[in-house]
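Residue numbers (our numbering): 1 to 244. Ideal Cβ placement from N, Cα and C applies to all residues, glycine included. Here the structure is a predicted model, which means the values were calculated and not measured. For reference, the structure is listed below as C-alpha cells.
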C-alpha cells in the first residue's frame, strides 16, 4: 500500500504543475506493467498500473483495465483485500468484464466471503456463459461451503466446456470423495493424471481416495510415483498411509 502512495506522488505533482500527460502514456504504463508482472517484478507492475490509473481518469476503459491488471497482481501476491478493491473499482468502470468478476470471486473466496464469491462467479458466467474457469472456481467455492452436489454440477459444466480441464477432473473427484462417493471419484482422479501426469497433487489426491475405499496398495503405488515428482509430499503421504 505504501508503494501505491509513493508511485502516485510524481504524477500528482506533474498535474499540479500544469503538465498534462500524453494520452498514450497510460497505455504505455499498462504495457510496461504487464511486462513487469509476466517477469515476476510485481512491485514494478503495481507502480506502473497505479500510475496508469491516475493518468487515465478521463479514459474509463484504460482505467478499468489498469485496475483489473492490478487486481490480478494482488491475487498473485495473496493480497486479497487489495485485490477485491481493485476488481471492484474496475467493475464500476466496466460492468461487462466477466474476467474481473471472476477475479473478484477468487479474492472474495480467499478471504472467506464465500457467498459473495458465488455471486461474483455467477455474474461472470451470466456475462460469458462459456467461461470454464468461472465454473471451476464456483465449484471450488461450493466445495469449501460443503455444498458438494453444487460443486459437482459446477465442475461437470467446466469439463463440458473444456474437456481437457485436468484440474476440474481432479476437483470433481475430490468433491465426490468428500460426499461419500469415493468409488466414483477414482476414474476422475485417473483422468486428471492422464491429462497432466506432472501434477503431483493429482497422485496425492488419488491416494487419499484409495485409502477411503480401503485400497492401501493403490495408495502405496501413488506414493511411489509421487516420490519422483514431489518427495516432500510423498513423505507426508507416507505418514498418512502408515497411520491407516
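Alpha carbon to alpha carbon, how far is residue j from residue i? Give it in angstroms, no decimals.
i: residue 96; j: residue 53; result: 19 Å
i: residue 231; j: residue 165; result: 25 Å
i: residue 6; j: residue 46; result: In this prediction, residue 6 has a pLDDT of 22, which is less than 50 and means its spatial position is unreliable; nothing more can be read from the coordinates.
i: residue 188; j: residue 132; result: 17 Å
i: residue 208; j: residue 219; result: 7 Å
i: residue 108; j: residue 38; result: 24 Å
i: residue 179; j: residue 145; result: 12 Å
i: residue 86; j: residue 56; result: 15 Å
i: residue 21; j: residue 51; result: Note that residue 21 scores 48 on pLDDT, short of 50, meaning its location in the model is unreliable and no value can be drawn from it.
i: residue 69; j: residue 60; result: 14 Å
i: residue 138; j: residue 242; result: 35 Å
i: residue 77; j: residue 174; result: 26 Å
i: residue 216; j: residue 233; result: 17 Å
i: residue 198; j: residue 190; result: 13 Å
i: residue 24; j: residue 105; result: 31 Å
i: residue 125; j: residue 112; result: 21 Å
i: residue 129; j: residue 239; result: 43 Å
i: residue 34; j: residue 182; result: 43 Å
i: residue 90; j: residue 147; result: 30 Å
i: residue 167; j: residue 161; result: 13 Å
i: residue 82; j: residue 163; result: 34 Å
i: residue 71; j: residue 170; result: 27 Å
i: residue 150; j: residue 140; result: 10 Å
i: residue 224; j: residue 236; result: 12 Å
i: residue 226; j: residue 136; result: 25 Å
i: residue 204; j: residue 192; result: 12 Å
Can you tell me where the alpha helix (DSSP H) holding residue i begins and where it ends?
i: residue 230; result: Neither: residue 230 is in no alpha helix (DSSP H) and is coded neither H nor E.
i: residue 119; result: 114 to 127
i: residue 88; result: 80 to 93
i: residue 152; result: 148 to 161
i: residue 138; result: 132 to 144
i: residue 106; result: 98 to 110
Out of the options, state which residue places its alpha-carbon closest to the alpha-carbon of residue i.
i: residue 202; options: 179, 217, 172; result: 172
i: residue 98; options: 56, 204, 122, 221; result: 122
i: residue 30; options: 229, 58, 67, 88; result: 67
i: residue 28; options: 49, 212, 141; result: 49
i: residue 73; options: 55, 43, 92; result: 43
i: residue 93; options: 58, 238, 195; result: 58
i: residue 26; options: 41, 36, 65, 40; result: 65
i: residue 228; options: 177, 216, 200, 155; result: 200
i: residue 212; options: 102, 185, 233, 192; result: 185
i: residue 142; options: 110, 163, 71; result: 110
i: residue 103; options: 223, 154, 127, 134; result: 134
i: residue 177; options: 152, 192, 196; result: 152
i: residue 222; options: 154, 149, 206, 214; result: 206
i: residue 118; options: 101, 157, 127; result: 101
i: residue 244; options: 82, 83, 170, 210; result: 210
i: residue 88; options: 115, 114, 194, 120; result: 120
So does residue i have its beta carbon nearer than 7 Å to some heavy atom of the ligand ZN?
i: residue 175; result: Within the structure as shown, the ligand ZN is missing, as the structure has no ligands at all.
Which runs of the alpha helix (DSSP H) at least 4 residues long sit entirely within the segment 163 to 199? Give them in chain order. 166 to 178, 182 to 195
Whole runs of the alpha helix (DSSP H) within the segment 39 to 73, excluding any shorter than 4 residues: 42 to 55
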